[in-house]
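Below: one structure, written as structure tokens.
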Amino acid sequence: MKLEDIKKEAAQYKYNDISSLSSKIREFKNKGVSFLGCVAFVQVNQEISLNEARELTVKLDAYNEDEKKRIDAAYQLMLSEFKEEE
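Numbered according to the numbering used here, the sequence shown spans residues 13 to 98.
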């Protein structure tokens with residue numbers, strides 16, 4: 013699924029509550045959409061910053077604890093590499 017399609021669907025999706033947002037993200041995961049694609053959906057749908065969208069997406073029950081740990085580990089690695097370049 014292309015990023016522009018994800019963002020278009022996010023703009024049209026009617027958010028009811030966290031449970032419905034989790035279900036929508038689970039649906040995207042089942043279609044093979046990456047974590048970053050899901051973050052983009054949440055960012056556009058909720059009209060929040062990229063960092064806020066990442067944090068919210070990780071908190072959704074669409075991800076199990078192992079997935080959340082892997083996502084956080086990758087994020088921490090990216091941050092450490094970024095800090096090393098400064």
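The C-beta atom is built at its ideal place from N, Cα and C for all residues, glycine as well.
Assigned secondary structure, residue i (DSSP; H/G/I helix, E/B strand, else coil)
i          : result
residue 74 : coil
residue 26 : coil
residue 59 : coil
residue 13 : coil
residue 43 : coil
Nearest residue (CA-CA) to residue i, options the options
i          : options        : result
residue 19 : 58, 72, 71, 43 : 58
residue 40 : 92, 75, 80     : 75
residue 17 : 68, 90, 53, 60 : 53
residue 25 : 55, 63, 78, 67 : 55
The ligand PLP heavy atom lying under 7 Å from the CB of residue i
i          : result
residue 49 : Only the bare structure without any ligand can be found here, which leaves the ligand PLP out of the picture.
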